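Numbering (our numbering), first residue to last: 5 to 455. Don't be surprised by glycine CBs; every beta carbon is placed ideally from N, CA and C. All values reported here derive from a predicted model rather than from experimental measurement. Take a look at the structure set out below.
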Amino acid sequence: MTEMVALDPTRLIIAALVGLVLLLVLIIKFKIQAMIAILVGAILIGLGAGMPFEKIVASVDDGIGNTLKGIALLVGLGSMFGSILEISGGAQTLAVTLVNRFGDQKAAWALGITGLVIAMPVFFDAGLIILIPLAFSLAKRTGRSSLYYAIPLLAGLAVGHAFIPPTPGPVLVATMLGVDLGWVILIGICCGALSMIVAGPIWGAICGKKYYIPVPEQIAQQADVDESKLPSFWSVVGIILIPLVLIILKSVAGVVDSFAPARPILNFLGEPFVALTIATLIAMVLLGYRHGYSGAELEKVMTKSLEPVGLILLVTACGGVLRYILQYSGLGEIIGHAVASASLPMVIVAFVVAALVRISVGSATVAMTMAAGIIAAMPEVAGLSPIHLACITAAIAGGATVCSHFNDSGFWLVKSLVGMDEQTTLKTWTVMETLVGGTGFIVALVISFFA
5 MTEMVALDPT RLIIAALVGL VLLLVLIIKF KIQAMIAILV GAILIGLGAG
55 MPFEKIVASV DDGIGNTLKG IALLVGLGSM FGSILEISGG AQTLAVTLVN
105 RFGDQKAAWA LGITGLVIAM PVFFDAGLII LIPLAFSLAK RTGRSSLYYA
155 IPLLAGLAVG HAFIPPTPGP VLVATMLGVD LGWVILIGIC CGALSMIVAG
205 PIWGAICGKK YYIPVPEQIA QQADVDESKL PSFWSVVGII LIPLVLIILK
255 SVAGVVDSFA PARPILNFLG EPFVALTIAT LIAMVLLGYR HGYSGAELEK
305 VMTKSLEPVG LILLVTACGG VLRYILQYSG LGEIIGHAVA SASLPMVIVA
355 FVVAALVRIS VGSATVAMTM AAGIIAAMPE VAGLSPIHLA CITAAIAGGA
405 TVCSHFNDSG FWLVKSLVGM DEQTTLKTWT VMETLVGGTG FIVALVISFF
455 A
């Protein structure tokens with residue numbers, strides 16, 4: 005491992021501040037692609053701090069290599085897994101079945117749960133486009149505002165997207181912090197469940213009464229989903245649970261003695277890339293081949309799903325470069341000492357850093373990446389328990405979710421699909437995102453006190 009360089013602390017802090025400000029200016033004002041902006045900002049921090057050229061190069065190499073080796077397979081496998089769930093109608097199966105069982109009066113809860121589960125393997129945008137017609141269908145049937153059903157769905161999708169692997173965000177943060185994904189899943193479920201309730205059915209009911217948003221005309225004229233063509237509910241649930249259960253069992257086996265005889269096999273099956281590979285193969289058979297898709301059709305769909313993966317991986321890798329620049333220059337240690345002297349819990353620091361980047365840049369992925377890089381560079385992180393690190397991961401996810409506004413693509417997608425103006429979107433969607441992130445952070449903070 006490359007050793008830290010002894011640099012002047014004052015110069016180092018100034019260089020870091022200038023580099024981070026420049027990074028934000030490049031993204032916000034000049035609309036420079038996030039990958040380039042983060043890479044340029046990180047390198048300028050190293051140059052401004054006086055790091056030797058070879059140390060800067062080593063930081064780039066280590067940042068990219070060590071970051072990608074932990075998430076490249078997971079993001080790719082997760083994307084393919086989600087694409088099969090999407091084209092097979094698995095998402096609609098979950099939504100329609102839960103809505104039928106909950107009934108129209110409690111359908112908001114069903115949509116929140118569906119969104120939470122679906123957003124783990126399926127990207128937020130895809131999940132929203134697939135499921136929003138069902139929310140509109142319920143609104144048309146009950147005569148209520150679309151927001152009564154759309155907000156719980158959006159909250160569930162936001163929670164699954166932010167807190168629970170195998171969605172890329174918490175995976176990349178966990179990789180940079182070196183925390184077991186099993187604990188991240190368990191803490192994420194705890195944070196996400198309460199966040200979905202507060203920001204979903206509760207806030208959705210308030211929004212539905214306060215703002216009447218009619219069903220878009222083109223949606224109102226669409227036919228309802230043909231349930232006879234959808235896969236079975238339990239097969240979809242079982243397939244989604246496979247990677248989560250295997251990863252959690254691996255974590256439990258590491259601390260519970262009664263699992264000792266089965267520990268080697270559970271450790272292997274619970275390795276995240278193995279668990280996701282198993283789930284993807286089973287999904288190909290049960291949701292692909294058995295529903296009439298040929299091998300060539302599945303191959304085309306799965307290959308198509310990998311197109312957005314490159315951008316996610318490259319932005320994340322450049323976040324790793326930022327982390328190693330901060331670590332090898334010694335800035336992480338300086339920040340760590342400052343945090344220690346201020347007696348602020350690391351969970352709070354993680355949330356604040358992620359929230360500031362989120363508000364400035366808009367991108368949740370960039371906010372998670374930058375915050376994880378800064379926090380991972382602090383020496384204090386090394387002595388924390390796995391549960392505490394999982395709480396920090398959830399806090400970063402929460403901070404990267406709050407205050408979605410005009411610089412967030414999700415803001416405009418929701419505005420367009422639901423049919424709201426900018427002011428109403430700020431009063432409903434932005435508040436909902438802040439409730440999701442804030443509630444998740446509070447739950448993580450409380451759990452960290454006992455970790």
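{"query": "Can you tell me the Cα-Cα spacing of Gly-45 and Gly-186, whole angstroms?", "result": "33 Å"}
{"query": "Tell me, please, whether the segment 266–278 touches the segment 289–309 by the rule of three or more beta-carbon pairs shorter than 8 Å.", "result": "no"}
{"query": "Would you give the residue range spanned by the alpha helix (DSSP H) that Lys-213 belongs to?", "result": "207–214"}
{"query": "Look at Cys-395 and Ser-452 and say whether their C-beta atoms are less than 8 Å apart.", "result": "yes"}
{"query": "Tell me which residues share the same chain as Met-372 and place their Cβ nearer than 6 Å to its Cβ, disregarding the 5 neighbours each side in the sequence.", "result": "Gly-173, Val-177, Ile-400 and Ala-404"}
{"query": "Using 10 angstroms around the beta-carbon of Leu-2, count the other beta-carbons present and answer buried if the total reaches 16, otherwise exposed.", "result": "In the structure as shown, the chain starts at 5 and stops at 455, and residue 2 therefore has no counterpart that could be examined."}
{"query": "Measure the Cβ-Cβ separation of Ala-448 and Gly-387 and say whether it is below 8 Å.", "result": "no"}
{"query": "If you drop the 5 nearest sequence neighbours on each side, which residues of the same chain put their C-beta closer than 7 Å to that of Phe-106?", "result": "Trp-113 and Ala-114"}
{"query": "In this structure, does DSSP put Pro-218 in helix, strand or coil?", "result": "coil"}
{"query": "So is Arg-15 buried or exposed if we call it buried at 16+ other beta carbons inside 10 Å?", "result": "exposed"}
{"query": "For Ile-168, which three-state DSSP category applies?", "result": "coil"}
{"query": "Measure the alpha-carbon distance for Leu-430 versus Gly-131 and round it to whole angstroms.", "result": "21 Å"}
{"query": "Looking only at its chain, what residues have a beta carbon closer than 8 Å to the beta carbon of Gly-312, apart from the 5 residues adjacent to it on each side?", "result": "The amino acid at residue 312 is misidentified as Gly; the sequence shows Pro. Same-chain partners within the cutoff: Ser-83 and Phe-127."}
{"query": "Taking the CB atoms as reference points, tell me whether Arg-327 and Ala-287 lie closer together than 8 Å.", "result": "no"}
{"query": "Please report the straight-line C-alpha distance between Leu-393 and Met-180, rounded to a whole angstrom.", "result": "11 Å"}
{"query": "Determine the DSSP secondary structure at Tyr-152, reduced to helix, strand or coil.", "result": "helix"}
{"query": "On the DSSP letters alone, give me the boundaries of the alpha helix (DSSP H) that Gly-107 sits inside.", "result": "Where Gly-107 is concerned, there is no enclosing alpha helix (DSSP H), given that its DSSP letter is neither H nor E."}
{"query": "Quick one: residues in its chain with C-beta nearer than 8 Å to the C-beta of Ile-243, no 5 flanking neighbours on either side, listed in chain order?", "result": "Leu-89, Gly-94, Ala-283, Ile-286, Ala-287, Leu-290 and Leu-291"}
{"query": "Do you know whose CA, among Ile-191, Ile-117 and Pro-170, lies nearest Leu-158's CA?", "result": "Ile-117"}
{"query": "Which ranges would you report for the beta strand (DSSP E) in the segment 281–346 if only whole runs of at least 3 residues count?", "result": "none"}
{"query": "Provide the residue span of the alpha helix (DSSP H) that contains Asn-70, from first to last.", "result": "57–92"}
{"query": "Looking at the structure shown, is Asp-412 part of a helix, part of a strand, or coil, going by DSSP?", "result": "coil"}
{"query": "Report the three-state DSSP secondary structure of Met-374 (helix, strand or coil).", "result": "helix"}
{"query": "Report the three-state DSSP secondary structure of Thr-432 (helix, strand or coil).", "result": "helix"}
{"query": "Count the other CB atoms, across all protein chains shown, that sit within 10 Å of the CB of Tyr-152; report buried if there are 16 or more and exposed otherwise.", "result": "buried"}
{"query": "For Trp-238, is the classification buried or exposed, using 16 other Cβ atoms within 10 angstroms of its Cβ as the cut-off for buried?", "result": "exposed"}
{"query": "Please classify Leu-181: does DSSP put it in a helix, a strand, or coil?", "result": "helix"}
{"query": "What residue from Gly-147, Leu-190, Ala-264 and Leu-253 has the CA that sits closest to Ile-217's CA?", "result": "Gly-147"}
{"query": "If you count every other CB in all the chains shown that lies within 10 Å of the CB of Thr-443, and 16 or more means buried, which is it?", "result": "buried"}
{"query": "Would you say the segment 355–369 touches the segment 410–427, given that touching needs at least three Cβ pairs under 8 Å?", "result": "yes"}
{"query": "Among the candidates Pro-383, Ala-257, Asp-425 and Pro-220, whose CA atom is the shortest distance from the CA of Leu-330?", "result": "Pro-383"}
{"query": "How many angstroms separate the CA atom of Cys-195 from the CA atom of Thr-438?", "result": "14 Å"}
{"query": "In chain order, what residues of the same chain lie with their CB nearer than 7 Å to the CB of Met-200, ignoring the 5 residues before and after it?", "result": "Gly-116, Leu-120, Ala-159, Gly-160 and Val-163"}
{"query": "Is Asp-425 helix, strand or coil by DSSP?", "result": "coil"}
{"query": "Please decide whether Ile-32 counts as near chain C, where near means a Cβ-Cβ distance under 8 Å.", "result": "No chain C appears in this structure, which consists of one protein chain only."}
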